[in-house]
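**Q** First the structure, then my questions, so here it is.
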Amino acid sequence: MRIALTTLAAAAVALPALAQDVAPNLLEVENEALVVEPWGITVDDLEDTDIEDASGDVIGEVDEVLMTPEGEIVAVSAEVGGFLGIGDSEVVVELGMLRPEGDRLHIDMSKEQIEALPVWDD
């Protein structure tokens, strides 16, 4: 159990750093019929999906699906923070940081950690 927690903690630190390196080169996916692997759902179905934090609270939603210039879908932009769309920000969340759970996506980070991710400036 201690090894699993250590691994999780290391991933929580490393993944945001990786997102900072990738974010400036990402593009919004325009073809909403594309399938997002490994989940087998379309870009259209993924957009507007709620994201819940490690406590199970909804902390935002997917705004855009993002890809590399080579066309590989690797991340989403997520609207987080704020209230009723006021004061929110859009951050880059790599797909590997998320996991589908029912009709939501789950991330093993706190709201504060998520809000500290790189900002997506479309």
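Counting with mature numbering (1 follows the signal peptide of the UniProt record, and there is no 0), you get residues -19 to -1, 1 to 103 for the letters of the sequence shown.
Just so it is clear, CB atoms sit at the ideal spot from N, CA and C, and this is done for glycine as well.
This one's a predicted model, so the numbers in the text were calculated from it and none came from an experiment.
Can you have a look at residue 103 and say buried or exposed, based on whether 16 or more other CB atoms are within 10 angstroms of its CB?
**A** The residue you call residue 103 lines up with position 122 of the sequence shown. Counting Cβ neighbours within 10 Å, residue 103 comes out exposed, since fewer than 16 surround it.
**Q** So what does DSSP say about residue 93, is it helix, strand or coil?
**A** As a first step, residue 93 is located in the sequence shown; it is residue number 112 there, counting from the start. Reduced to three states, the DSSP call for residue 93 is helix.
**Q** For residue 29, count the other beta carbons within 10 Å of its own beta carbon; 16 or more makes it buried, fewer makes it exposed. Which is it?
**A** Taking the first residue of the sequence shown as 1, we reach residue 29 at position 48. Classification for residue 29: exposed.
**Q** List the whole-angstrom C-beta distance separating residue 72 from residue 40, where the pair is believed to meet the contact cut-off of C-beta under 8 Å.
**A** As a first step, residue 72 must be located in the sequence shown, where it is residue number 91. As a first step, residue 40 must be located in the sequence shown, where it is residue number 59. Contact doesn't hold; Cβ gap of about 11 Å is too wide.
**Q** Would you decide whether residue 8 is buried or exposed? Buried here means 16 or more other CB atoms lie within 10 Å of its CB.
**A** To locate residue 8, count along the sequence shown from 1; it is residue 27. Result: exposed.
**Q** Rounded to the nearest angstrom, how far is the Cβ of residue 42 from that of residue 32, given a contact under 8 Å?
**A** One-based indexing of the sequence shown puts residue 42 at position 61. One-based indexing of the sequence shown puts residue 32 at position 51. So it is a contact: roughly 6 Å between Cβ atoms.
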